[in-house]
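Number of protein chains: 2
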Amino acid sequence: MSVDEWADLTPTARTILGFVAQHPRSGYDIREAARRSVSYFWGVSDGQLYPQLKLLAELGLIESPQEDPGARSKSVWHITPAGRAALTKWIRSPSAPLRMRDENLVKMMFAAELEPAEVLRLVDERRKSFEWFAKNVASPGPAQSWQADQKLGSRTTSELLHEYGKQHTENALAWCDQVEEALRGIANDRA
Amino acid sequence: MSVDEWADLTPTARTILGFVAQHPRSGYDIREAARRSVSYFWGVSDGQLYPQLKLLAELGLIESPQEDPGARSKSVWHITPAGRAALTKWIRSPSAPLRMRDENLVKMMFAAELEPAEVLRLVDERRKSFEWFAKNVASPGPAQSWQADQKLGSRTTSELLHEYGKQHTENALAWCDQVEEALRGIANDRA
DNA sequence: ACCTCATATCTCTGTCAGATATATCTGTCA
DNA sequence: TGACAGATATATCTGACAGAGATATGAGGT
């Protein structure tokens, strides 16, 4: 593999590589791991996952013990030395700018010219989605045995990452409160 | 236009419709407005903008005074009654789930197994990008004359939206502090 | 023997971002 | 009045990507 080839990998492919680097995994494992751990700041879709695994294998960055494992049987991938080198280089290169799509907020902006009741509906929708999120994603799962998780002082990196998600969620919920309070202000004016 | 046609619009098209609804705008205006106001929770890419404008016009949701204005002269779009109805229906329908791509955080997760120095580099990168953001995007521009901005108690909706962006940013920066502090903890252990 | 659910992979469609190309308009200094 | 820079304005193309759904396999129960 030439030095330039890994540079062409998509961000998704590199993320997948990172998961395989942590410990050997199948495609399905990666999907589940991504769901649990990074789903609020990164999504890995099926449509990408398997083709990218194949690509990474072709580039020699990952490999699976049994060659051509017949049809749909599970194949467990592990990282090669070349893969590990590629991963490190990726981590050291500049990151893509943050990107977000939050349709609820966009609507909120345009709802400014509508009834206060519309804004209230949107805030309610927002609150519900973040509450769901707090329950299902932002809480840290049990520590995994394979995790050689760097201790950063008293806390592990994955604890810190979950902390970030938690703070983000609480912040969003607090903002919902602020908007509702402002809306109650109107109601009081009119009463 | 049938009721079903507007339902097929993409989220991007609906966002564009929202901008035109606020007041008449050209494609370029929309692009700039999106840059200033929503760029941190929604992106409108050039590749989408003009085709979608054309589509909205074909559906009769927006129109431009001069028909076929020859070549590349500026055309200013304004919303039609049908367009306004479509917009309202959109705002009342369920929103797409929030989506995010934050490559820096992903790297942070995988850097857990590397040197603390790598994590430090990533935190530094993160801080810089959010500081840039605080300066260039998260601050409210001057109020526009066309803004019939709903007063929610003492504050307008756009003030509240900017407030959200600001809180998000401050939160992210505070988290950078936390991580760095944890890293200093290590340094002290070793000293 | 059948059913059901979790596991596992693959494919297809349409959305989308970013880069790039290109035309027009406006001011400004010669 | 003409050349030029820089802002305004529109258009196109490529490849990344999400989400849905199709398909297959195994384990456990009835």
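As given, the protein sequences belong to chains L and C, one line each in that order.
Counting from 1 along the first sequence, just add 1 to a position and that's the residue number in our numbering.
Counting from 1 along the second sequence, just add 1 to a position and that's the residue number in our numbering.
Positions of the beta carbon are idealized from the N, C-alpha and C atoms, including for glycine.
Listing by chain order, which chain C residues have their CB less than 8 Å from the CB of residue i?
i, result
"residue 172/L", "168, 169 and 172"
"residue 53/L", "The contacting residues do not exist; residue 53/L stays about 14 Å from chain C at best."
"residue 132/L", "Going along chain C, no residue has its Cβ under 8 Å from residue 132/L, so there is no contact; the nearest lies around 13 Å."
Is the separation between the beta-carbon of residue i and that of residue j shorter than 7 Å?
i, j, result
"residue 109/C", "residue 123/C", "yes"
"residue 87/C", "residue 62/C", "yes"
"residue 89/C", "residue 113/L", "no"
"residue 35/C", "residue 80/C", "no"
"residue 105/L", "residue 96/C", "yes"
"residue 103/C", "residue 99/L", "yes"
"residue 133/L", "residue 107/C", "no"
"residue 111/C", "residue 186/L", "no"
Under 7 Å Cβ-Cβ, which residues of chain C neighbour residue i?
i, result
"residue 108/L", "92 and 96"
"residue 104/L", "12, 96 and 97"
"residue 39/L", "107 and 110"
Using DSSP with H/G/I as helix, E/B as strand and the rest coil, what is residue i?
i, result
"residue 124/C", "helix"
"residue 43/C", "coil"
"residue 132/C", "helix"
"residue 79/L", "strand"
"residue 183/L", "helix"
"residue 3/L", "Reliability fails at residue 3/L, whose pLDDT of 48 lies under 50, so the model's placement of it is uncertain and the value that follows must be treated cautiously. Residue 3/L falls in the coil class under three-state DSSP."
"residue 11/L", "coil"
"residue 27/L", "strand"
"residue 104/L", "helix"
"residue 116/L", "coil"
"residue 174/L", "helix"
"residue 20/L", "helix"
"residue 70/C", "The predicted position of residue 70/C is uncertain, since its pLDDT is 46 and thus under 50; no value can be drawn from it."
Can you check which of these residues, the options, is closest to residue i by C-alpha distance?
i, options, result
"residue 77/L", "165/L, 156/L and 32/L", "32/L"
"residue 164/C", "53/L, 180/L and 158/L", "180/L"
"residue 178/C", "38/C, 129/C, 136/C and 97/C", "129/C"
"residue 176/C", "162/C, 127/C and 161/C", "127/C"
"residue 9/L", "101/L, 94/L and 64/L", "94/L"
"residue 170/C", "131/C, 48/C and 66/C", "131/C"
"residue 11/C", "174/C, 25/C, 52/C and 82/C", "52/C"
"residue 24/L", "47/L, 65/L, 135/L and 136/L", "65/L"
"residue 85/C", "38/C, 17/C, 101/C and 156/C", "17/C"
At 7 Å on the CB atoms, spell out the chain L contacts of residue i, in chain order.
i, result
"residue 16/C", "107"
"residue 48/C", "Neighbours of residue 48/C on chain L: none; closest Cβ ~15 Å, over 7 Å."
"residue 44/C", "100"
"residue 165/C", "176"
Got a sec? Which residues, its chain only, sit under 7 Å from residue i by beta carbon, not counting five neighbours each side?
i, result
"residue 184/L", "117, 120 and 121"
"residue 71/C", "At residue 71/C, the pLDDT of 47 sits below 50, so the modelled position is not reliable; the number obtained from the coordinates is stated separately. Result list for residue 71/C: empty, nothing under 7 Å."
"residue 125/C", "none"
"residue 69/C", "Because the pLDDT of residue 69/C is 49, which lies under 50, any placement of that residue in the model is unreliable, and the number read from its coordinates should be weighed accordingly. Nothing meets the Cβ criterion."
"residue 135/L", "170"
"residue 156/L", "none"
Short of 6 Å in beta carbon distance, which residues of its chain neighbour residue i, apart from the five on each side in sequence? Order them along the chain.
i, result
"residue 91/C", "15"
"residue 75/L", "27"
"residue 49/C", "13"
"residue 45/L", "35"
"residue 174/C", "131"
"residue 101/C", "none"
"residue 54/C", "28"
Mind listing the chain L neighbours of residue i? Cutoff is C-beta to C-beta under 8 Å, in chain order.
i, result
"residue 158/C", "109, 110, 112, 113 and 120"
Using a Cβ-Cβ cutoff of less than 8 Å, which residues in the same chain neighbour residue i once the five nearest sequence positions on both sides are dropped?
i, result
"residue 47/C", "32"
"residue 4/C", "With a pLDDT of 45 at residue 4/C, under the threshold of 50, the modelled position of this residue cannot be trusted; read the value that follows with caution. Hits under 8 Å: none found."
"residue 58/L", "64, 65 and 78"
In chain C, which residues lie less than 9 Å from residue i when you measure between Cβ atoms?
i, result
"residue 21/L", "Near residue 21/L there are no residues of chain C at all, since even the closest Cβ is about 10 Å away, more than 9 Å."
"residue 126/L", "95 and 96"
In chain L, which residues lie less than 9 Å from residue i when you measure between Cβ atoms?
i, result
"residue 78/C", "Chain L residues near residue 78/C: none, gap ~15 Å exceeds 9 Å."
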